[in-house]
Each structure stands twice: as C-alpha cells, then as structure tokens.
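A.B. asks: Supplied in structure tokens, the structure appears directly below.
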Amino acid sequence: MINGYWVPVLHSHLPFVKHPEYDNFLEEHWLFEAITECYIPLLKRLKQLEEEGTDFRLTVSITPPLAEMLADSHLMDKYAKYLQKQIELGKKELNRTIDDPYFQPLASFYKNIFEESDEFFRGFLNYNVLNGYRYFYDKGSLEVITCGATHGFLPLLSVNEQAVRTQIEIAVKAHQKHFGKSPRGIWLPECAYYDGLDKILNEKGIKFFIVDSHALTYAKPTAINGVYAPCYTPHSVAAFGRDAHSSKQVWSSKEGYPGDFNYRDFYRDIGYDLDFDYIRPYINPDGIRVFTGFKYHKITGTTDYKEAYNPKIAKEKTNEHAKDFVAKREEQINHLKHMMGRSPMVVSPYDAELFGHWWFEGPEFLYNIFKHLNDSDSIKAITPIEYLEMFPQNQIVTPNPSSWGDKGYYDVWLNNTNSWIYRHLHEMAIRMEELAQEHFHTTDFDTTRVLNQMLRELLLAQSSDWAFLMTTATATEYSVNRTKEHISNFNELLGMIENNNIDFDKLQYCEYKNSIFNFIDFRIFITS
Amino acid sequence: MNKNAKELIHESLEIEDDFSSSSHIINSIASEITPEQNKYEIPSRYNKNRLVILMVNTNRYFVYWELDDSTILSNNIDLNKEKLYFKIFDTNNNLLTSFESMFALGEYNINEKFEDLDIFVKLYSMKDGELKELLCSNTIHTFSTQIKIPDEKDEVWLKKTKGWTEIIRSSMQHFTLGMSSSKYIEEIEKLRSYEEFEKDSMSSHTIHQGNKND
Numbered sequence: 205m206i207n208g209y210w211v212p213v214l215h216s217h218l219p220f221v222k223h224p225e226y227d228n229f230l231e232e233h234w235l236f237e238a239i240t241e242c243y244i245p246l247l248k249r250l251k252q253l254e255e256e257g258t259d260f261r262l263t264v265s266i267t268p269p270l271a272e273m274l275a276d277s278h279l280m281d282k283y284a285k286y287l288q289k290q291i292e293l294g295k296k297e298l299n300r301t302i303d304d305p306y307f308q309p310l311a312s313f314y315k316n317i318f319e320e321s322d323e324f325f326r327g328f329l330n331y332n333v334l335n336g337y338r339y340f341y342d343k344g345s346l347e348v349i350t351c352g353a354t355h356g357f358l359p360l361l362s363v364n365e366q367a368v369r370t371q372i373e374i375a376v377k378a379h380q381k382h383f384g385k386s387p388r389g390i391w392l393p394e395c396a397y398y399d400g401l402d403k404i405l406n407e408k409g410i411k412f413f414i415v416d417s418h419a420l421t422y423a424k425p426t427a428i429n430g431v432y433a434p435c436y437t438p439h440s441v442a443a444f445g446r447d448a449h450s451s452k453q454v455w456s457s458k459e460g461y462p463g464d465f466n467y468r469d470f471y472r473d474i475g476y477d478l479d480f481d482y483i484r485p486y487i488n489p490d491g492i493r494v495f496t497g498f499k500y501h502k503i504t505g506t507t508d509y510k511e512a513y514n515p516k517i518a519k520e521k522t523n524e525h526a527k528d529f530v531a532k533r534e535e536q537i538n539h540l541k542h543m544m545g546r547s548p549m550v551v552s553p554y555d556a557e558l559f560g561h562w563w564f565e566g567p568e569f570l571y572n573i574f575k576h577l578n579d580s581d582s583i584k585a586i587t588p589i590e591y592l593e594m595f596p597q598n599q600i601v602t603p604n605p606s607s608w609g610d611k612g613y614y615d616v617w618l619n620n621t622n623s624w625i626y627r628h629l630h631e632m633a634i635r636m637e638e639l640a641q642e643h644f645h646t647t648d649f650d651t652t653r654v655l656n657q658m659l660r661e662l663l664l665a666q667s668s669d670w671a672f673l674m675t676t677a678t679a680t681e682y683s684v685n686r687t688k689e690h691i692s693n694f695n696e697l698l699g700m701i702e703n704n705n706i707d708f709d710k711l712q713y714c715e716y717k718n719s720i721f722n723f724i725d726f727r728i729f730i731t732s
Numbered sequence: 022m023n024k025n026a027k028e029l030i031h032e033s034l035e036i037e038d039d040f041s042s043s044s045h046i047i048n049s050i051a052s053e054i055t056p057e058q059n060k061y062e063i064p065s066r067y068n069k070n071r072l073v074i075l076m077v078n079t080n081r082y083f084v085y086w087e088l089d090d091s092t093i094l095s096n097n098i099d100l101n102k103e104k105l106y107f108k109i110f111d112t113n114n115n116l117l118t119s120f121e122s123m124f125a126l127g128e129y130n131i132n133e134k135f136e137d138l139d140i141f142v143k144l145y146s147m148k149d150g151e152l153k154e155l156l157c158s159n160t161i162h163t164f165s166t167q168i169k170i171p172d173e174k175d176e177v178w179l180k181k182t183k184g185w186t187e188i189i190r191s192s193m194q195h196f197t198l199g200m201s202s203s204k205y206i207e208e209i210e211k212l213r214s215y216e217e218f219e220k221d222s223m224s225s226h227t228i229h230q231g232n233k234n235d
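Chains as they are written, first to last, in our numbering: chain A, 205 to 732; chain B, 22 to 235.
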C-alpha cells in the first residue's frame, strides 16, 4: 500500500551569459560544464530508466535564461566545439598516462564520457538539450516548470509591481516558446515569496510554487500539516514546502552523501595540476588555469592527501546511498502518515547543477533512487500536480515572506555588498513603465527596437545571480560589471529615445550580445 | 484540527536553523572567473524624489532615498545645517522608530523587529520647529516568526478540482463555488460574516464539521 509520496524537484538555472565578441569566453563555460556534467548525464539516466521500463516522476525547473541559452545557436555551436576540444584532451591524456596504471583508466573514462556526451548531443538531443526535456515532459514523466524571466529576486523588485508582473509574464511566454505549452508550476527565484505574489501567479495561470519550510510554518495561520501537505494561498495557488530532512541528506557539506570519501574530488583537476605548456590549449586563452573536468582523485579524506578515483566503487556507493535515501523516506513517510491521517508528501528541492557538477556521481544517485522507488510498495515519486489531483483539498494559508537563502530571508540579496543595485533597478522600472505608456502606440520600427532592448537590459540587470555573487565574493568583479553593463546600456538607450537620436551601432551590438527573448515587446511592461 | 499538528509543525521546523541551501552551485562554477576592469558608467543620482523601504530579515529593514534639487530648493533646506527626519509607521499610524540624516541621497539599515505588520516610512524636513512631510515610501508587509495554530474559525480548507472550487471551514457547512476560484476570497469574508451570524443564532454544536483530510 502506498503510504505517501516523494516530490523531487531540480532547479536548473544559470544566468544569461553570452559573449559573441570572443571565440572563447570563460564565463560561457559555466553553461558548457553544466550541459556536460549535469543536464546530459541526467537526461541520459532518464532515458536509461525509460528503456528499462522503470517508472519515474521528476519536476525540473528550466529557467528562461537557461532555456534561451540552450536554444541559442551561437552558444550551441561553441558548445559543440567545446566538446571536440574535451575529446581531444582526452586523447592526449590517454597518451600521457599510458604507463600509469591508476590514471590511464581514468583518462579513458573521461574520454569516453565526452565522446558519449557528444554522441547523445548530436543524436538523441539533435543539437538541442531542450529536446531531451521536451521528450520526457510530453510523456508526462517530467514536469517542467518555469521561473522568473531572468531569475529576478521578486520581493525586492516588488516596489514596482509591473516589474514582478513582467518577470512572470515573460517567463510564461518563454516557457510556451520553448516547450509549446503553458507552465503549470513555477520555481520562484531563490524560493523568495512576499505577501501578495500569489495574486500575480494566479493571474498568470500558475498552479503551484515551491517555498522554504518557514513560509508555511510561520504562515497565517500556520499550516497544520507542516510541509507534508501543500497549502493553497488566498489566491488559490498551491504552495509546496521544502522538507529540510531530505534536503540535508544531499545538500549538507558535512553530513551529505556527496562528502563520501569514495566520491570524486571536485577541486583536484589537471587544469591546475599539469605542466602549463601541456595544458595551455585547454585552459583560458589568457593563460589562466581553470577546471578542465579531468579530475583523477577521490575525496579520500579530510586532508590534502588524495588517492586515485575509482569510478566503479563510486558507482556502487551511489546505489548504497540511494537505497539509504529511499529507506529514510519510507521511514519518514510511514511516520507522517500515522500522524496526519492522509498520505503525506515530502518535497525535496535541489539545485540541478548539484547533481553532476559539484557531486559528480549525483545523476547516478538519482537513477538509483528511481530504481529503488520502483521496488518500494510504500512510497512513490510524483509531481506536485499529481499530488494536487489526488488530494485536491488543502488548507488555505497566507505564506510568510521568506526565501531558501542563508537565514531564510532576503539578506543574501540585500546587504552592504549589493544594496547599491536596487536604487537603479527601481528607477529603471519606473522609466520603463513611463516609456511603455508614452510609446504604447508607436509604429516606428527603430523606436520599438530601442524600447525592446531597454526591457531586455532591465530584465538582465534584475537577475538575482549578480547580487548573490557579490555577497559570496566569488565573482564580484564580473557580477558588478554585468549589473553596471545593463544599467549603463539601459541609460544609453534611454538617451537615444529622449534625444530622438539612435546610435544604431550601439543598438545593434546590444541586440546581438544581450539577445535574450526574441519575442519581447516593451508593451508587456504595462500590459502584464 | 489534526491532533498531531504541533508535532508536524515541529518536524517541519526541526532542522531549519541548522541548515540552509544558500551555497548555490553557481558559486562553485563561477569561482573560476578572473577579475575584469570596470568599464561601465552608471548614474550617481537621478535627481528625483524617491523613498523606498525594503525587507532584509526579521530584524532588519533597508531604506534608501533621494531628494531632488527642486524639492530641496523649494523647501529652503540647507543640508549643511539642517537634517532630514525619517519616521517609520505602521498602517495604524503608530510610530515605530525614527532616524535622521544630513544627506539628500542616502541609505539606512533599521535594525529592529517589526512582527507581521504593514509598515512605511515618511521623510520630513523641520521648519520653525515643526515637521513638514516631504515624501512617503512604499508599504511593506513584514515577516512573521510566530507559529499561529489556527482555531476553528481560522482553519479554512479549499477543495480545488477541474470542475469547481469548494471552501470548507472546520466550523460550518461547505460552500461550492463556480470555476472562478479567484472569487473565493470574497467568499471567505462572507463566510466569516455568516459565522458571526450563526454564532448569534445557534449553538456551535449544530455547525457541520468539514472533513479536511481527503
């Protein structure tokens, strides 16, 4: 008898990064690494499950910027070249390690991974990673949901309601563009909720969203089933709360599965370890060492001493950990069922890029979870929509403002490292609204182009990634620069409108570089 | 209400303080990048009147402001000698806190706890010993940090299917609505009024209990 349900959710997101002015731009590799290490391995495992007749259900957010990049021919051409370069490095590594009994099999292992990725990309995916998601979405085993248009931190944009409306409206349109249907769910950027957001979500046809646990436990009134049943908001959108227990098992750097000593070490990489002249063609053209993806060591222990990685043993560990994860969910769900008097659900949201990038064996772990769940007679994986269809009656609460960031509120995106951006974002939104009203009926092609690009620049400036990276100080310069770039572009374009003097070279460059959302219409800013 | 509600809520919160998911993967991906030269100029000010309050966490609120030149001139404000006064109110006009500044453009962190309130800021200048209101900010609804287990009247359930939407209260009979689910907030208000009426007219024992859990 099924006692309850597991609702796995993967949030797939990268900020829009496109630098056509360079043949090889380091930040574009964020996408290439994520495709190779996360998205393709996940889709390959899902295909394998399907071919083996294993039923699975998974909810995946594909954010609009990620979808736009995955559908961008310029970036995908670069990705195809990136893969060839990786295969080339694999072949070189085979020769270099020919006399090394530990590293030679690993060189072969990586060469095979890149060759298989290339084959999967050209074959099943037909040069478009989104095809893989569409395939399972259409079959119903995958629920693809959307996010904010550019992952804007909505509570801090809500000073101008149209800014939030536009983030959601364009997200819905982008989803329709890439997946041919309207999204039923949304991953709120950073799970950030504020009072009143549900009204906009409801108007845009969104049926559910994910929040952190304290959005429901501190809701008005408190959700009496905690996070183990969804709640409806006052505007009848379902809020699903994150279960911290299952998150912690995977996320925690101390106690989580990814820290097992047999798993691959993330930091040791031949990009840093090998002779500079040898590795130079495969690192940044400026000569800056970067990760290549060829990592030959396992975590081994807590010191710098590292032993050779053994993929076979690591693979066995994923099965062991998946079995443990499913057993713990069974135990948790059986306990909850006893207390709730209805079938509980456990929502486990993770960053999709955790599985494969940070935790190399993560996709195999997920595969094994679905294999074990298939054998379980007490729990089953489902999507939020499936749960709502089975259990349409849920408590109404007003969720508490919250996020899934450190400390659970908005600190990460508003502190002394990044507070300066909001003054600009708010002013840009006001100007956008004024201009959209003023030029709503314009038929002038070039004015429309400028206004459309202004909206793109505003949306790109709103991306929560820049504020996040300023806080963590890992990519401060790039994040500050990207934010300033979009603010600067916006104001230059504004000057063109105000002075009725369009700099076509500048406009064309902005359109080419910051080319997100080819369907954009500046009027959305007031009609949304 | 479910008799195990307190335990379920406790389990939902159990490890909240010990764990967060703030270490996004973008952090590890982006850590490879190199510093760039700052190439872009952005406005240092907009010369517009602006007063905004934003929520940070349960104990902190962020305020930024700008007074334009004409406002400063028309109000004869000399910021070399005078201050600007900021007062934070709730929507019942209770004064919660205040601060001062001598800058026409600035920002300030309010480190106080305002539990579950609608609040806003007003900016004043002082003329002849009296405050003159210059700007009023947006209103925000602050965070809550309290568990509020519902009593019978506050425990409302919604049954939402493809064909209809139904509101169920623990304390009374069901109401079935049409397809337009967004209307149900009004209905909740009606239900509250109805319940008040019922309280006056019948014993609570006669009110039908909704079946909440399936």
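Beta carbons are placed, not taken as given, at the ideal position from N, Cα and C, and that holds for glycine.
For isoleucine 109 of chain B, which residues in chain A fall below 9 Å Cβ to Cβ?
C.D. replies: Numbered from 1 along the second sequence, position 88 holds the residue referred to as residue 109 of chain B. Those do not exist, as isoleucine 109 of chain B stays about 16 Å from chain A at its closest Cβ, beyond 9 Å.
A.B. asks: Between which two residues does the beta strand (DSSP E) harbouring glutamate 151 of chain B extend?
C.D. replies: Position 130 of the second sequence, counted from the first residue, corresponds to residue 151 of chain B. Segment 151-157, the beta strand (DSSP E) holding glutamate 151 of chain B.
A.B. asks: If the criterion is Cβ atoms closer than 9 Å, does the pair asparagine 695 of chain A and asparagine 718 of chain A meet it?
C.D. replies: By one-based count along the first sequence, residue 695 of chain A stands at place 491. By one-based count along the first sequence, residue 718 of chain A stands at place 514. For asparagine 695 of chain A and asparagine 718 of chain A, no; Cβs fall outside 9 Å.
A.B. asks: Considering only C-alpha positions, which residue in the set A/Asp281, A/Tyr591, A/Asn622 is nearest to methionine 208 of chain A?
C.D. replies: For the purposes of this step, residue 208 of chain A is identified with residue 4 of the first sequence, where counting begins at 1. Note that residue 208 of chain A is glycine in the sequence shown, not methionine. The shortest C-alpha separation from glycine 208 of chain A is found at A/Tyr591.
A.B. asks: Quick check on DSSP: helix, strand or coil for tryptophan 624 of chain A?
C.D. replies: Position 420 of the first sequence, counted from the start, is the residue given in the question as residue 624 of chain A. Tryptophan 624 of chain A: helix per DSSP, three-state reduction.
A.B. asks: Mind listing, in chain order, the continuous beta strand (DSSP E) runs of no fewer than 3 residues lying wholly within the stretch 318-351 of chain A?
C.D. replies: Within the stretch 318-351 of chain A, the complete beta strand (DSSP E) runs of at least 3 residues are 346-351.
A.B. asks: Which residues, taken in chain order from the stretch 163-190 of chain B, show a beta carbon closer than 9 Å to some beta carbon of chain A?
C.D. replies: The residues in question are Thr163, Phe164, Ser165, Thr166, Gln167, Ile168, Lys169, Ile170, Pro171, Asp172, Asp175, Glu176, Val177, Trp178, Leu179, Lys180, Lys181, Thr182, Lys183, Thr186, Glu187, Ile188, Ile189.
A.B. asks: CB-CB under 7 Å to cysteine 242 of chain A, same chain, minus the five flanking residues each way: which ones, in chain order?
C.D. replies: Working through the first sequence from its first residue, we reach residue 242 of chain A at position 38. Same-chain partners within the cutoff: Ala556, Glu557, Phe559, Gly560, His561.
A.B. asks: When you compare each of A/Ala531, A/Pro567, A/Tyr482, A/Val441 to leucine 293 of chain A by their alpha carbons, which one comes out closest?
C.D. replies: Against the first sequence, residue 293 of chain A aligns to sequence position 89. Comparing Cα-Cα distances from leucine 293 of chain A to each of A/Ala531, A/Pro567, A/Tyr482, A/Val441, the minimum goes to A/Tyr482.
A.B. asks: Is the Cβ-Cβ distance between leucine 618 of chain A and alanine 671 of chain A less than 9 Å?
C.D. replies: For the purposes of this step, residue 618 of chain A is identified with residue 414 of the first sequence, where counting begins at 1. For the purposes of this step, residue 671 of chain A is identified with residue 467 of the first sequence, where counting begins at 1. Result yes, Cβ atoms of leucine 618 of chain A and alanine 671 of chain A sit closer than 9 Å.
A.B. asks: When you compare only the Cα positions, how much space is there between threonine 240 of chain A and tyrosine 286 of chain A?
C.D. replies: What you label residue 240 of chain A is simply residue 36 of the first sequence in a count that begins at 1. What you label residue 286 of chain A is simply residue 82 of the first sequence in a count that begins at 1. Whole-angstrom Cα-Cα distance: 10 Å.
A.B. asks: Which residues of the stretch 258-290 of chain A have a Cβ closer than 8 Å to any Cβ of chain E? Give them in chain order.
C.D. replies: Absent from the structure: chain E. Protein chains present are A and B.
A.B. asks: Do three or more CB pairs link the stretch 161-169 of chain B to the stretch 129-148 of chain B at distances below 8 Å?
C.D. replies: The stretch 161-169 of chain B vs the stretch 129-148 of chain B: in contact.
A.B. asks: Excluding the 5 residues preceding and the 5 following phenylalanine 218 of chain B in the sequence, name in chain order all residues of the same chain whose CB lies nearer than 6 Å to its CB.
C.D. replies: Residue numbering aside, residue 218 of chain B sits at position 197 when the second sequence is read from its first letter. Residue placement at phenylalanine 218 of chain B is poorly supported in this model, since its pLDDT is 47, which falls under 50; the coordinates are not used for a value here.
A.B. asks: Who are the near neighbours of isoleucine 98 of chain B in its chain, counting only those whose CB is closer than 6 Å to its CB and skipping five residues on each side?
C.D. replies: Residue mapping note: residue 98 of chain B aligns to position 77 of the second sequence, counting from 1. Closer than 6 Å at the Cβ level, and outside the excluded window around isoleucine 98 of chain B, lie Ser146.
A.B. asks: Suppose you measure from the CA of histidine 195 of chain B to the CA of valine 177 of chain B; what does that come to, to the nearest Å?
C.D. replies: Residue mapping note: residue 195 of chain B aligns to position 174 of the second sequence, counting from 1. Residue mapping note: residue 177 of chain B aligns to position 156 of the second sequence, counting from 1. In this prediction, histidine 195 of chain B scores a pLDDT of 49, lower than 50, which makes its location untrustworthy; no coordinate-derived value is stated.
A.B. asks: Mapping the DSSP letters down to three states, classify arginine 249 of chain A as helix, strand or coil.
C.D. replies: The residue given as residue 249 of chain A occupies position 45 in the first sequence. DSSP places arginine 249 of chain A in helix when its eight states are reduced to three.
A.B. asks: If we count Cβ pairs, one from each stretch, closer than 8 Å, do we get three or more for the stretch 677-689 of chain A versus the stretch 59-69 of chain B?
C.D. replies: These segments touch.
A.B. asks: Can you list, in chain order, the residues of its chain whose CB lies under 7 Å from that of glutamate 365 of chain A, leaving out five sequence neighbours each side?
C.D. replies: For the purposes of this step, residue 365 of chain A is taken as residue 161 along the first sequence, with counting starting at 1. Hits under 7 Å: none found.
A.B. asks: Taking 9 Å as the threshold (C-beta atoms), are asparagine 598 of chain A and tyrosine 432 of chain A in contact?
C.D. replies: Walking along the first sequence from the start, residue 432 of chain A turns up at place 228. Walking along the first sequence from the start, residue 598 of chain A turns up at place 394. Result no, Cβ atoms of tyrosine 432 of chain A and asparagine 598 of chain A do not sit closer than 9 Å.
A.B. asks: In the DSSP assignment, what are the bridge partners of aspartate 555 of chain A?
C.D. replies: Here residue 555 of chain A refers to the residue found at position 351 when the first sequence is read from its first residue. Paired residues: A/His215.
A.B. asks: Can you list, in chain order, the residues of its chain whose CB lies under 6 Å from that of methionine 200 of chain B, leaving out five sequence neighbours each side?
C.D. replies: Taking the first residue of the second sequence as position 1, residue 200 of chain B is located at position 179. For methionine 200 of chain B, the pLDDT reaches just 40, beneath the cut-off of 50, and the residue's location in the model is therefore unreliable, although a value from the coordinates is still provided. None.
A.B. asks: Our contact map puts proline 387 of chain A next to serine 667 of chain A with C-beta atoms below 8 Å; I'd like the distance itself, whole angstroms only.
C.D. replies: For this step, residue 387 of chain A is matched to residue 183 along the first sequence. For this step, residue 667 of chain A is matched to residue 463 along the first sequence. At roughly 19 Å, the Cβ-Cβ gap does not stay under 8 Å, so proline 387 of chain A and serine 667 of chain A are not in contact.
A.B. asks: Can you tell which of B/Leu34, B/Lys27, B/Asn25, B/Thr92 has the C-alpha that lies nearest to the C-alpha of histidine 449 of chain A?
C.D. replies: Locating residue 449 of chain A in the first sequence gives position 245, where the first residue counts as 1. Selected option, being the one with the closest Cα: B/Leu34.
A.B. asks: Suppose you measure from the CA of lysine 204 of chain B to the CA of isoleucine 189 of chain B; what does that come to, to the nearest Å?
C.D. replies: Looking up residue 204 of chain B in the second sequence gives position 183. Looking up residue 189 of chain B in the second sequence gives position 168. Since pLDDT at lysine 204 of chain B reaches only 48, below the 50 mark, its modelled position is unreliable, and the value read off the structure follows with that caveat. Each residue's Cα considered, the two are about 15 Å apart.
A.B. asks: Anyone know if the C-beta pair for isoleucine 414 of chain A and valine 213 of chain A falls short of 9 Å?
C.D. replies: The residue given as residue 414 of chain A occupies position 210 in the first sequence. The residue given as residue 213 of chain A occupies position 9 in the first sequence. Yes. Within cutoff.
A.B. asks: By DSSP, does glutamate 637 of chain A sit in helix, in strand, or in coil?
C.D. replies: Within the first sequence, residue 637 of chain A is the residue found at index 433, counting from 1. Glutamate 637 of chain A: helix per DSSP, three-state reduction.
A.B. asks: When you compare the CB of phenylalanine 124 of chain B with every CB in chain A, is at least one pair closer than 9 Å?
C.D. replies: The residue labelled residue 124 of chain B in the question sits at position 103 within the second sequence. Answer no: the Cβ-Cβ gap between phenylalanine 124 of chain B and chain A never drops below 9 Å.
A.B. asks: Express the C-alpha separation of lysine 248 of chain A and lysine 296 of chain A in angstroms, rounding to a whole number.
C.D. replies: As a working mapping, residue 296 of chain A is identified with position 92 in the first sequence. As a working mapping, residue 248 of chain A is identified with position 44 in the first sequence. Cα-Cα distance, rounded: 26 Å.
A.B. asks: From the DSSP output, in three-state form, read off phenylalanine 672 of chain A for me.
C.D. replies: Within the first sequence, residue 672 of chain A is the residue found at index 468, counting from 1. Helix.
A.B. asks: Would you call the stretch 253-269 of chain A in contact with the stretch 353-361 of chain A, where contact means no fewer than 3 C-beta pairs closer than 8 Å?
C.D. replies: Enough Cβ pairs lie closer than 8 Å, so yes.
A.B. asks: Just to confirm, is the Cβ distance from threonine 370 of chain A to leucine 659 of chain A under 9 Å?
C.D. replies: Numbered from 1 along the first sequence, position 166 holds the residue referred to as residue 370 of chain A. Numbered from 1 along the first sequence, position 455 holds the residue referred to as residue 659 of chain A. Contact: yes.
A.B. asks: Among B/Gly150, B/Ser119, B/Leu144, which has the Cα closest to the Cα of cysteine 157 of chain B?
C.D. replies: Translated into positions along the second sequence, residue 157 of chain B becomes position 136. Comparing Cα positions, the closest option is B/Leu144.
A.B. asks: May I ask you to list the residues that DSSP assigns as paired with aspartate 139 of chain B?
C.D. replies: Position 118 of the second sequence, counting from 1, holds the residue named residue 139 of chain B. Beta-bridge pairing links aspartate 139 of chain B to B/His162.
A.B. asks: Give the DSSP-derived three-state secondary structure of leucine 298 of chain A in the structure shown.
C.D. replies: Along the first sequence, read from residue 1 onward, the residue named residue 298 of chain A stands at position 94. In this structure, leucine 298 of chain A counts as helix in the three-state DSSP scheme.
A.B. asks: Let me confirm a value: threonine 197 of chain B is counted as buried when at least 16 other C-beta atoms fall within 10 Å, else exposed. Which label applies?
C.D. replies: For the purposes of this step, residue 197 of chain B is taken as residue 176 along the second sequence, with counting starting at 1. For threonine 197 of chain B, the predicted model reports a pLDDT of 46, less than 50, meaning its position is unreliable; a value from the coordinates is still stated below. That one is exposed.
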